[in-house]
Every structure is written in C-alpha cells, then in structure tokens.
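Just below is one structure, and these are the notes that go with it.
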Amino acid sequence: MTKYVEVILPLALDRPFTYISHELDTDLVGYRVIVPFGRNKFYTGIVVGVSEEIPTYPVKAIEEVLDNQSIVSRAQIKLWNWIALYYLCGIGEVMRAALPSALLFESETIVNLIDEDFRNRKLTDDQYLLCELLEQQPQKLSFVRKHVEIKGLNKSLNDLIESEILERFEQIDNKGYQKFTPWLILEDTAKAEEILKQTKAPAQRDMVIQFFSEAKGANEIAWLPFAKKYSISTPIRNSLIKKGVYRLDSRVLDRISGKEDEEMVFELSESQQKAVSEINQGFQASKPVLLHGLTGSGKTMLYMSFIDKVLNEGKQVLFLLPEIALTTSLWKRLNKRFSKQVIAYSSSLSTVEKAEFWNKVRENSHEAKVIVGARSALLLPFNNLGLIIVDEEHDPSYKQHDPAPRYQARDLAVYLAHKEKCPIILGSATPSLESLYNAGFGENKQSKYHYVYLGERFGESKLPEIQVLDKALLRKKKLMRSWISQPVIDQALKVLSEKKQVLFFQNRRGFSSLLECLDCGHIPGCKNCDVSLTFHRLDQSLRCHYCGYSESVANNCTKCHSPSLDKHGLGTQQVEELVKELFPSYQVGRMDRDTQKGKLGHQKLLEKFENQELQILVGTQMISKGLDFKNIGLVVVVNADQLLHRADYRAHERAFQQLTQVSGRAGRTSETSKVLIQTFDPNHRVFRSLQ
C-alpha cells in the first residue's frame, strides 16, 4: 500500500506538500527528509503528517530520510502552525527560523563539461569561454555566474546543454554539522616506560613525561591543546605512534559545554522574600507574573531562587534577554550559581555550534538546563520546560522585524508558557504599557497578569541623585564645550579623582546623524530604506543602520557638486572623541554595534570596564540595561532631546524607559552617585516623572 506524507519546506510557502513515502512501517512525523521541489531542486523538509486523501495528481517520492528518529515534536509543529497563522507568514519561514541552517541541506546546481572535443564544434566566443572554464572540473552555477561576464549567460548555457556539450545536475552537500578532533591514547604502558629509560631521543622522552603529567592518571588526552601547551611537533608524535606507544582516535568535538565555576548564593532580603511569596501566588493562579522591580532591586537574585527550584525538579529554564551583548554577562552570573548547567544561545554562535546547542536542548542534556538567549532562543526544541523568564520585558528589541516570522518574543513567550503549562515571569524596572494594562492598570478590570512590585534596592545601594541641566541656559552663560557642559566636566573630574567610573550615554552610533549640502540641502539617503545615512568617521563611510547599506563619503555633493558639506547630529564616535579630548588622563572605551569585533568583542570590553582598566565608557542603549557595576559614580545623558523627539508615537514612553534604565546603572553601592541629563526642555514631564 502506498503511503502519502505531508512535508513542509524551508520556503515562504503557506502549506505543506504531499510526497510518497517508501517507509511504510515508520511514523515519519518530525523526521527530516530530502525531497525534490520544482523542476530540479532538492530541499530538506520536515514531515508534519500523513495525507488523509489520495492525491488526484502525480506525486513525487521522498529521495532520502535523514534521521533515524523524530527530531521535531508534534508540539513544536503545532507551535510553528500557530506562529505562521498569528504572524501572517508561511509555515516554511517559521521552520527556517526554528531549525539551525546546519540541519537544512539544499541542492546546488552543478554544470559539467561532457564533450571534451568542444573545440571542433561551431561555438560562439561566449560558449567557448564557458567550456574552457569547465574544462578542468565541474563548477557550481553560482560560481559560473560570479566569474564569467557574459550578457546572455542563461541562453548560452541552455544552448550548450541542448547540444549535449554541457550537462546540469543537482548536488546536495550533506557533510553534517559535527566537528571531529584528534585524541592521543596510551596504547602500551610498558613501551612508554622503555622510552623514559632511553637517552637517544630526548624529545620523545619529554613528550611521554608531559603526557603522564597532563593526563593525571588517565590513558587519553585531547591532542591539539596538549601539543600547543608543550610545543610538541607532529613528527615526534608520529614516531611514538609507529613504536606502538600511542594511537590516535577521532572524536566529536563538544564546542558548547557548561563551565565550572564557584557557587554564588545570596540571602534574599525581606522585600525580596515577600515578592517570592507574591510570585508563587501568581503561579498558583496559572497567570503570567509581571515583576515590576526598581533598578538594582535584585530581580536577578529572585530569578535565581526560582531557577534553583526548577532545576531540582529536573526541568529546563529559558531566560530571555533583549540584547546579545547582555547574554554573556548574565551567563557568567548564572554560571557562578548553577555551575556547568548554563549555556548562552545567540546569533554570535556559528551555524554548527547552533546545531549542537539545538541538539543538547532537544535531548534535555544536563549542560543545557538553563538556556540564556535572545528572542530566537524561543524556537529551540524544549521537551521539559519548567520556567520562562523574560527580563527587560518592555524592550523593543524583542520584536523581530526581518526576516519572517515577525514575532514579538515577549508575547510568544506568554503563549509558549500557556501551551507548555509552565510558569512565566516578565521582569522590568519600566514595564511596557500593554503589560501594565494586562496586569489590571488603566481601564482594564480583568487582569490577565499577576502584578508584583519590588520597590526597594537590594542591600545598602541607594538610588542616584538625578539632575536635569538646561542646555539653553548653559549656552547663554557660555558653559558648553561643544556637546558637553562645564557642570558635567567638573562633576566627571570629581568622580574620576575619587577612583570612580563614568558612563556617557548617547543612543545613536556613528559620528554624525546625517550629512547635508549647505548649498542645495541634499542629504544622502539609503537606496533601500529611504532614510538618511549616518556618517562614520573611522572609515569615512555613510551607513544605513536598518539594512546595512554603505557608501564612501564624497568630497562634493552628489547632487549639485558643491564642496560645502556639513555634518549634523551626534553619535557615539563623536562623543568618544570629545571625551578623550576633555579627559586625556583617563582610559575611554566605546560600546555599540560598531565596536563588536568577533563573538567576544563586547564581553572583553565589559571585562575591562569591570576590572577598572577603563575609567570612562561611552555607549548606546547597550550600556543602559542589565549591567551590574559597583564602581559607577556618574551617568551622563549627553543629548536627551534626541530620545524625546523621535518620529514615534511611543517616543515619550521609550525615553522614560531608557533614561530610567541608564540611571539605574549608578548608585549600586552605599555611596551617593549622580545622573546628569542635558536637555533644552528641562521642565518636560518625562524628566519630572524620572526625578
């Protein structure tokens, strides 16, 4: 009997497609399969069900089943369907976002020369050029398109294929995602002892001594770190292998493993214990809990107490953060409490690392009990979820804009918690208006969320003193040094002399917001997004901060060719240069998207600041949340008006949230600290509310 199955493909398609399965005795739901699609393409699909109806049209067969067990659960497939329906996208787009690309294979078109006697055929110059390129070896069609500049490339290829000079076929590169590493294994202890006694080969003797020292009683060791540590050459190793002392083995490299660290446990304060009790009431009522806690009130400590309980039950915890830069910082804090059980998931991981991580979560591995990650971590294959925490739930970064699915991670987390029947905590010092409404504020009399307020800072830390500086008045008194006022300079020098650190906050990266021609008023814009391009001084470029488009800065206006170009607005690069000029005796760092070099770029910068190798840190919203530094004595908001006057109907709400968050970085000790906000509108209600 023929079996028909429904398969979804990683394409922008809104339905599964029917294929014939020859695996009659196996329930293939959740399996990866290679299937033909279109004329000659092959894709990795996921089987989502058995076809109820016999198709009335010709149906293609599955080429290959890639797995020996289901890797996607039926619950996950239901979640994908809900996301596709709710966020108006194809189920295939959800699948592509949920599965690591290392698990999805796609065929590539290969072009091959089959008539070696092509020089005796009547061909055009373009056709000769194509044949000569393929004479040495077959090439991918993408390679041919890139390296051959022929006007009618498709026609030339089709003519050569019809003439049976070339052939075209599809090839799938299925190498898998696992990486293997060599291990050195002691094969014969007696022969190793003989090497130790001889004097003719001192390098081999030294290697044996170093092996026993490093192995510490074991009979095997990872070769690469061992060879690097002791500078052992491959010929020395091979000589000992030939003598039968050692042998080499190849093993899967585990690149994502928990780190062992010292345990860090704090005793909860009285107000925190009260909050724990109130949160448990929300859990018992099966409601999402909105935890509204002041900056520095110890929300992370509360999270840890609940994580501890869930881990004791053998379940998994998902800890969502809005910024990738915060992931590593929080991972370090959590790892001190839950050693070797915490893994950080973010887009900075390589494709193969993501695949390994994905498998660890699916298998409910001990090393993947606490998953710290940005919004994409929501789509991981949890099978025993016990708690979801959404920290900084108000943050707009939780909204996915491109590509599809364009989901709101906070809302999706609430839905996932409902489906998994697990508790969820939404934490923030400045909750979003929709979350407050869902918690019963405003005109809503039927609260969906359980509201908990934590209104005291932990320990002896004090809220900082907030002072609003009138830039208009300071300009009249000639107390402005470019973008920074004299009161800010005086207070910063005082704080720095006391061995404290200073944060300068400006929520725009780059050097200047835009470049304008003073003669015709032309402002260079993005060709894709229709927004003005931001000037970056370091590489003399104009960049779009939405799509990444960039172009070099011209000496003259591209419209009227006038040399009168002026830079407007303020970015973090310009603030950094100005701060270095004003405080030459102190080390200055900058933290924004442009400073991230490699996957550990921001982590290294934050470690420098934490170790007080940097005295001043300039940054965007990345420095405004989640960072717990005890030595900050002053926070400066360079240009608060830029936050207030954005083309966004939520500008005032966002401004209040960001100013509250960045102010919260100060005052985390018993000593007093200050926040100085520069603005042309000191009486604005946002600043009054903040104070």
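Using the working numbering, the first residue of the sequence shown is number -15, and each one after it goes up by one.
Glycine included, every Cβ here is placed at the ideal spot set by N, Cα and C.
{"Query": "Bounding residues of the beta strand (DSSP E) (the contiguous stretch that carries S534)", "Result": "534 to 536"}
{"Query": "Terminal residues of the alpha helix (DSSP H) in which F488 lies", "Result": "Careful: F488 lies outside any alpha helix (DSSP H), inside the beta strand (DSSP E) at 485 to 489."}
{"Query": "N203 (DSSP reduced to helix, strand or coil)", "Result": "coil"}
{"Query": "Buried or exposed (CB count within 10 angstroms, at least 16 for buried), S469", "Result": "buried"}
{"Query": "Run of the alpha helix (DSSP H) containing R346, from where it starts to where it stops", "Result": "335 to 346"}
{"Query": "Neighbourhood of H385 by C-beta distance below 8 Å, restricted to the same chain and skipping five residues each side", "Result": "none"}
{"Query": "Three-state secondary structure (DSSP) of D233", "Result": "strand"}
{"Query": "Sufficient close CB pairs (3 or more, under 8 Å) joining the segment 268 to 283 to the segment 533 to 551", "Result": "no"}
{"Query": "I616 burial status per 10 Å Cβ neighbour count (16 or more: buried)", "Result": "buried"}
{"Query": "N428 to Q268 span [Cα, whole Å]", "Result": "22 Å"}
{"Query": "Beta-carbon proximity check, E151 vs N96, cutoff 8 Å", "Result": "yes"}
{"Query": "Neighbourhood of N422 by C-beta distance below 6 Å, restricted to the same chain and skipping five residues each side", "Result": "K432, Y433"}
{"Query": "Sequence-distant residues of the same chain with beta carbon closer than 6 Å to E535, five excluded per side", "Result": "L526"}
{"Query": "Alpha-carbon to alpha-carbon, P471 and L463", "Result": "8 Å"}
{"Query": "Buried or exposed by the 16-neighbour rule on C-beta atoms within 10 Å, applied to I(-8)", "Result": "buried"}
{"Query": "I4 beta carbon less than 8 Å from that of Y15", "Result": "no"}
{"Query": "Alpha-carbon spacing of L438 relative to V32, whole angstroms", "Result": "45 Å"}
{"Query": "Burial state of T604, where buried means 16 or more other Cβ atoms lie within 10 Å", "Result": "buried"}
{"Query": "Segment contact, 8 Å Cβ cut-off, at least three pairs: the segment 336 to 353 with the segment 79 to 91", "Result": "yes"}
{"Query": "Sub-8 Å separation of S331 and A358 beta-carbons", "Result": "yes"}
{"Query": "Exposure label - A560; buried when at least 16 CB within 10 Å", "Result": "Reading off the sequence, residue 560 comes out as Glu, not Ala. Counting Cβ neighbours within 10 Å, E560 comes out buried, since at least 16 surround it."}
{"Query": "CB contact flag (S673, Q645, <8 Å)", "Result": "no"}
{"Query": "CB of Y329 within 8 Å of CB of L363, strictly", "Result": "no"}
{"Query": "Where K484 falls, given that 16 or more other Cβ within 10 Å makes a residue buried", "Result": "buried"}
{"Query": "Residue from K543, H529, Q111 with nearest C-alpha to R493", "Result": "H529"}
{"Query": "Chain-order list of residues whose beta-carbon lies under 6 Å from that of F489 (same chain, five-residue window excluded)", "Result": "V621, V646"}
{"Query": "Alpha-carbon spacing of V19 relative to R(-1), whole angstroms", "Result": "15 Å"}
{"Query": "Inter-residue CB distance, H636 and V670 (contact presumed, cutoff 8 Å)", "Result": "6 Å"}
{"Query": "Contacting residues, own chain, Cβ-Cβ under 6 Å from N24 (five flanking each side not counted)", "Result": "E154"}
{"Query": "Presumed contact (8 Å Cβ cut-off) between V619 and R649, rounded CB distance", "Result": "6 Å"}
{"Query": "Reduced DSSP secondary structure (H/G/I, E/B, other) of Q268", "Result": "helix"}
{"Query": "W467 - DSSP class collapsed to helix/strand/coil", "Result": "coil"}
{"Query": "Distance between G509 and C501 (C-alpha atoms, nearest Å)", "Result": "13 Å"}
{"Query": "With 16 other Cβ atoms within 10 Å as the buried cut-off, status of T579", "Result": "buried"}
{"Query": "Entirely enclosed alpha helix (DSSP H) segments - the segment 620 to 651, minimum 4 residues", "Result": "625 to 628, 635 to 647"}
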